[in-house]
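Chain order of the listed sequences is A and B. Here the first sequence is numbered in the numbering used here, starting from 2 and rising by one per residue. Here the second sequence is numbered in the numbering used here, starting from 28 and rising by one per residue. Built from N, CA and C at the ideal position, the CB exists for glycine as well. Since the model is a prediction, treat every value here as computed from it, not as a measurement. Down below is the structure, laid out as structure tokens.
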Amino acid sequence: MISTDYYIILSAILFTIGALGVLIRRNPLVIFMSIELMLNAANLAFVAFGRSWEIAKGEAFFNGQIFVFFVIAVAAAEVAVGLALIVEIFKTKKNINIDEMNSLKG
Amino acid sequence: MTSELIVFLVLSLVAIASALGMLFSRNTIYSALFLVLNFITVAVFYLMLGAPFIAMSQITVYAGAIMVLFLFVIMLLGAEQMTAPDALSWQKPLAFLLALTLTVESVYLIFARAKLDTVITAPDAATNSMENLREMAMTLFDKFLLPFEVTSILLLVAMVGAIVLAKKEKGARAKTSNS
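This is the structure we're talking about:
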């Protein structure tokens, strides 16, 4: 017997750790991992809310899980393109420091 | 204190510790492995929430495919120990302060409007049945058919994009050297 709110609080904490990672790390790979962590926290909230609704209504309810399914697919696409970009930047600059990726700055 | 709550607390401790480990380890490979641990813990949470299919796809897609891709790129670039000097020294404390504020605020808001009667019970055996999976598939291919197809196009676009980015542009280079 766990309250739904515990899951939501855990999700909020994981999301904050991910956001903190985006802010304090200079390595784009770790920043990517932090984004994955944030997506995961959102997924956890989706499934927890879906389960809570399921219990409240007493019937099977899959919308939350299906949204998580879509989020996982989008995350996979994002990682594929993002890592290709990082490899390409590394090939041109020989460095992946996030502070040096300002070539597009006007 | 039920056994379910103990499992939840221990697992959430592991999840938060592995997330922090991901954030603060110097070596990027350790970060990736901590993140794998975190994904597996979240998969166990999905099992506790009665979503076995999502738990398994979490392990195969996230902990399997995505993190292997990460490790592959880290080792390919040799980016294990890449430490850069901090250009903005005031940024780190500010980020910690903001993250702490966000956590306290969200936890307070959730507790302030918490309805503690909405409890989540452990799923029964019917959750793991084939019938349940069939119902989920019916929802996916009936109500969510259009988003499903759009997702497949998105994956195709991402695949083409990654290939275009990774491939060497021999024709373009020859053209620039000629002109």
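Taking all protein chains shown into account, decide if Gly-65/A is buried (16 or more other Cβ within 10 angstroms of its Cβ) or exposed. The residue labelled residue 65/A in the question sits at position 64 within the first sequence. Buried.
Could you confirm whether any beta carbon from chain B is found closer than 9 Å to the beta carbon of Gly-22/A? The sequence position of residue 22/A within the first sequence is 21, counting from 1. It does: the Cβ of Gly-22/A has a partner Cβ on chain B nearer than 9 Å.
Ala-77/A versus Gly-188/B - alpha carbon distance: Residue mapping note: residue 77/A aligns to position 76 of the first sequence, counting from 1. Residue mapping note: residue 188/B aligns to position 161 of the second sequence, counting from 1. In this structure, the CA atom of Ala-77/A is about 13 Å from the CA atom of Gly-188/B.
Could you name the residues of chain A that Ile-93/B contacts, counting a contact when the two beta carbons are closer than 8 Å? Working through the second sequence from its first residue, we reach residue 93/B at position 66. In chain order: Glu-37, Ala-76, Ala-77 and Val-80.
Using a 10 Å radius around the Cβ and a threshold of 16 neighbouring Cβ atoms, would you call Ile-67/A buried or exposed? Position 66 of the first sequence, counted from the first residue, corresponds to residue 67/A. Buried.
Following the continuous alpha helix (DSSP H) through Val-34/B, name the residue where it begins and the one where it ends. Position 7 of the second sequence, counted from the first residue, corresponds to residue 34/B. Bounds of the alpha helix (DSSP H) holding Val-34/B are 30–51.
Look up Ser-119/A in the DSSP assignment and say whether it is helix, strand or coil. As shown, chain A starts at 2 and ends at 107. That puts residue 119/A outside it, with no answer to give.
Using a C-beta to C-beta distance shorter than 7 Å, which residues of chain B count as neighbours of Thr-93/A? As a working note, residue 93/A is residue 92 in the first sequence. Residues of chain B passing the Cβ test: none, with the nearest at roughly 12 Å.
Starting from the Cα of Ala-20/A, find the closest Cα among Tyr-8/A, Met-2/A, Asp-6/A and Asn-41/A and give me that residue. To locate residue 20/A, count along the first sequence from 1; it is residue 19. Of the listed residues, the one whose Cα sits closest to Ala-20/A is Asn-41/A.
Here's a check: name, in chain order, each residue in its chain whose Cβ is nearer than 7 Å to the Cβ of Ser-52/B, leaving out the five neighbours to either side. As a working note, residue 52/B is residue 25 in the second sequence. Contacts found: Ser-58 and Phe-61.
Could you check the C-alpha separation between Ala-149/B and Arg-52/A for me, to the nearest Å? Taking the second sequence and counting its residues from 1, one reaches residue 149/B at position 122. Taking the first sequence and counting its residues from 1, one reaches residue 52/A at position 51. Taking the straight line joining both Cα atoms gives about 10 Å.
What residue from Ser-116/B, Asp-151/B, Glu-162/B and Ser-156/B has the CA that sits closest to Arg-26/A's CA? The residue labelled residue 26/A in the question sits at position 25 within the first sequence. For the set Ser-116/B, Asp-151/B, Glu-162/B and Ser-156/B, the Cα lying nearest the Cα of Arg-26/A is the one of Ser-116/B.
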